[in-house]
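J.: In terms of my numbering, the sequence shown is residues 13 to 131. Note that the Cβ used here is the ideal one computed from N, Cα and C, for glycine as well. Since the structure is predicted, the reported quantities are computational estimates derived from the model, not experimental observations. Can you keep this structure in mind? I'll have questions shortly.
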Amino acid sequence: YNPDIGYCQGMNFVVALLLLVSGDETETFRTFIRLVDHLELAGFYASDFPKLRESTEKSSELLQKLLPKLCNHLDENGILVEQFLHSWHISLFASCLPRATVLELWDELLTSRCTAADL
């Protein structure tokens, strides 16, 4: 479908949830393509993950701004927020949130004008 995108960990969470919801492999593939195209996710899954790094950096900055005490606590304990933000973003939050919450989030993303830069 898109030669710039290779398989990477994180896609499996997205595709698995789509397959659970639809029950049809063809529909799942088409929906995944729509997600990638609509949200401009190619940069999440392309080599060097340019959009993923950008999105993770923005989220890290927002987390520092909104929850500085938490960020300081994590930093004092040697935990980089990028370690968990990366997997959250690459899986479109399917790896860390309840299924119903993820589906509501995806509905909102697909019906809005959001792109990967907004995640």
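1. For Cys108, which residues from the same chain have a beta carbon less than 8 Å from its beta carbon, with the 5 sequence-adjacent residues on both sides left out?
2. Of all the options Leu53, Val26, Ser72, which has the alpha carbon lying nearest to the alpha carbon of Thr40?
3. For Ile17, name the three-state secondary structure that DSSP assigns.
4. Please state the DSSP three-state secondary structure of Ala112.
5. Taking only the alpha-carbon atoms, compute the straight-line gap between Ile102 and Lys81 and give it to the nearest angstrom.
6. Could you have a look at Ala58 and say whether DSSP puts it in helix, strand or coil?
7. In angstroms with no decimal places, state the Cα-to-Cα distance between Lys63 and Glu52.
8. In the DSSP assignment, find the unbroken alpha helix (DSSP H) run with Ala106 in it and report its ends.
T.: Answer, in terms of the structure:
1. Beyond the five residues adjoining it in sequence on each side, Cys108 comes within less than 8 Å, by CB distance, of Phe96, Ser99, Trp100 in the same chain, given in chain order.
2. When only C-alpha atoms are compared, the closest one is Val26.
3. Here Ile17 sits in strand by DSSP.
4. Assignment of Ala112 by DSSP, reduced to helix, strand and coil, places it in the helix class.
5. Approximately 26 Å between the Cα atoms of the pair.
6. Three-state result, Ala58: strand.
7. Within the model, the alpha-carbon separation for Lys63 versus Glu52 is close to 9 Å.
8. Annotation: Ala106 is outside any alpha helix (DSSP H) and is labelled neither H nor E by DSSP.
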